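Using our numbering, the letters of the sequence shown map in sequence onto residues 207 to 325.
Idealized CB from N, CA, C, for every residue including glycine.
As the structure is a computational prediction, the values presented were derived from the model and not from experiment.
The next block holds one structure in the form of C-alpha cells; read it before the comments.
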Amino acid sequence: MKDIYDVVIVGAGPGGSAAAHYLSLQGFNVRLLDKFTFPRDKTCGDALTPRALRVLDEMGMLDDLIQVGHHLEKVAFFAPKGHAVTAPIPQKDSRSGHLLFIPRLVLDNMILERALASG
C-alpha cells in the first residue's frame with residue numbers, strides 16, 4: 207500500500223519545517239523530505255530578525271530559542287579607515303528591536319522537531 211499525503215514538502219529547513227508545522231495544525235497529512243539527516247550544520251549568518259522571532263513565537267518556540275541563542279541589541283559598522291558607527295536594532299511595527307543568533311545546526315533541528323510533533 208502506498209502512503210498518501212495531502213502535501214509533500216521538499217526541504218526541512220526553517221521554511222519547510224514551519225510550513226509543515228502550520229499545515230499539520232490545519233489537519234493536513236504532511237510528508238516532509240530532506241536529503242540530509244538532521245541535525246545538520248549549514249553555513250549561515252545565524253541571525254533571526256524581529257519578524258522571524260514573531261513567527262517563531264507564534265509557533266510556541268521563542269522561549270526555548272532564547273535559552274540557546276545570543277541577543278544582539280546594537281550593531282557596529284566599520285569604515286575602511288577605521289571609523290565606526292554603533293546603532294540600536296530598530297523597532298518596527300511594535301516588533302522587538304533585537305536580533306537573536308542561533309546556529310543553524312540548532313535552529314533547523316528545533317523547528318523540524320516542532321513540525322514532527324505537530325503531526
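- With a beta-carbon spacing of about 17 Å, HIS227 and ARG310 fall beyond the 8 Å limit used to define contacts.
- LEU239 and PRO220 have their C-alpha atoms some 13 Å from each other.
- For ASP212 and SER324, the gap between their C-alpha atoms comes out near 15 Å.
- Contact annotation, ILE295 with VAL281: C-beta distance approximately 7 Å; criterion of less than 8 Å satisfied.
- For GLU279, the closest of LEU262, LEU305, ARG246 by C-alpha to C-alpha distance is LEU305.
- Bridge partners of ILE215 according to DSSP: LEU238.
- Taking the Cβ atoms as the reference, ILE317 lies roughly 4 Å from SER223, within the contact range of under 8 Å.
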